[in-house]
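What follows is a short report on a single structure.
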Amino acid sequence: QSVLTQPPSASGTPGQRVIISCSGSTSNIGRNTVNWYRQLPGTAPTLLIYTENLRPSGVPDRFSGSRSGTSASLAISGLQAEDEADYYCAAWDGNLNGWVFGGGTKLTVL
Amino acid sequence: EVQLVEAGGRLVQPGGSLTLSCAASGFTFNRYNMNWVRQAPGKGLEWISYISTSTSTIFYADSVKGRFTISRNNAGNSLYLQMNSLRAEDTAVYYCAREVSTRFGDNWFDPWGQGTLVTVSS
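Quick mapping for you: the protein sequence lines, in order, are chains A and B. Quick note: the first sequence uses the numbering used here, first residue 63, plus one each step. Quick note: the second sequence uses the numbering used here, first residue 39, plus one each step.
Put into structure tokens, the structure is as follows:
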């Protein structure tokens, strides 16, 4: 059972907008910034969104993040086949003194 | 190029020990806090340990506390994870990750290594 809660799956057709949610608590998302990681099949995770809504160089602006209270969201617009991957949210938890991850959301492009 | 390369994963018997290493290159290693994250087969990511630049601060997940020891060699640009009393549930790909920090207190992992597989089985 992950500390952060994500839907296990999400899907959309090419061109659609998909939103992946991440729910936490006051000890993690409620007081610390959220990061998102993408993991393509058979590869290591890579940074997708940091500090809630910032994109590393090379990540297209189709990807955006937001946070409200103890929840965060990752939005992917103009869905493309190459977006099929597992997506994880993460935040520092001040009570646990450690990083906590969501269980991951497998995105399927139909 | 900023790079992290893990090594040391292999098949080990329950109750056994193993040490993983992570070789860093392309950045000033002693300026970054480091972490280990693992992923069991078909499962999600699980953070397991953090070490600060000077090793003055170390944290562990409850699942490995008392069994795993994180360490680093700044002169050698290397991170380590000593794993003792290994259990079947420790079977996973182990990733090292550099923690990027800002003066505002924001932190994130970038990059991650490619991972090394540890299999605990008799």
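Built from N, CA and C at the ideal position, the CB exists for glycine as well.
Chain B residues whose Cβ lies nearer than 7 Å to that of residue i
i	result
residue 64/A	82
residue 150/A	82, 83
Exposed unless 16 or more other CB atoms sit within 10 angstroms - verdict on residue i
i	result
residue 108/B	buried
residue 87/B	buried
residue 41/B	exposed
residue 163/A	buried
residue 114/B	exposed
residue 159/A	exposed
residue 120/B	exposed
residue 63/A	exposed
residue 73/B	buried
residue 170/B	Only positions 39 to 160 of chain B appear in the structure, and residue 170/B is not among them; the question remains open.
residue 125/A	buried
residue 155/A	buried
Cross-chain neighbours of residue i in chain A, by beta carbon under 7 Å
i	result
residue 128/B	Residues of chain A passing the Cβ test: none, with the nearest at roughly 17 Å.
residue 145/B	154
C-alpha distance - residue i paired with residue j, whole-angstrom precision
i	j	result
residue 84/B	residue 75/B	6 Å
residue 71/B	residue 110/B	10 Å
residue 116/B	residue 92/A	34 Å
residue 92/B	residue 95/A	24 Å
residue 97/B	residue 76/A	42 Å
residue 140/B	residue 149/B	16 Å
residue 111/A	residue 70/A	19 Å
residue 59/B	residue 78/B	18 Å
residue 104/A	residue 132/B	14 Å
residue 44/B	residue 134/B	7 Å
Listed by chain order, chain B residues near residue i by CB distance under 9 Å
i	result
residue 122/A	Neighbours of residue 122/A on chain B: none; closest Cβ ~17 Å, over 9 Å.
residue 163/A	75, 82, 83, 84, 85
Span of the beta strand (DSSP E), counted from its first residue to its last, around residue i
i	result
residue 168/A	167-171
residue 84/B	83-89
residue 97/B	96-98
residue 157/B	154-158
residue 68/A	Per DSSP, residue 68/A belongs to no beta strand (DSSP E) and is neither H nor E.
residue 101/A	97-101
residue 108/B	106-111
9 Å Cβ cut-off: residues of chain A touching residue i
i	result
residue 112/B	Under the 9 Å cutoff, chain A gives no residues; its nearest Cβ is about 22 Å from residue 112/B.
residue 152/B	105, 106
Chain-ordered chain A contacts of residue i [CB-CB under 8 Å]
i	result
residue 97/B	159, 160
residue 70/B	The premise fails here: residue 70/B is roughly 14 Å from chain A at the closest Cβ pair, so nothing lies under 8 Å.
Could you tell me whether the region 140-151 of chain A touches the region 58-68 of chain B, where touching means 3 or more Cβ pairs closer than 8 Å? The region 140-151 of chain A is not in contact with the region 58-68 of chain B.
Any chance the region 116-130 of chain B sits against the region 41-53 of chain B, with 3 or more Cβ pairs inside 8 Å? Look at the beta carbons and you see the region 116-130 of chain B touching the region 41-53 of chain B: at least three pairs across the two are nearer than 8 Å.
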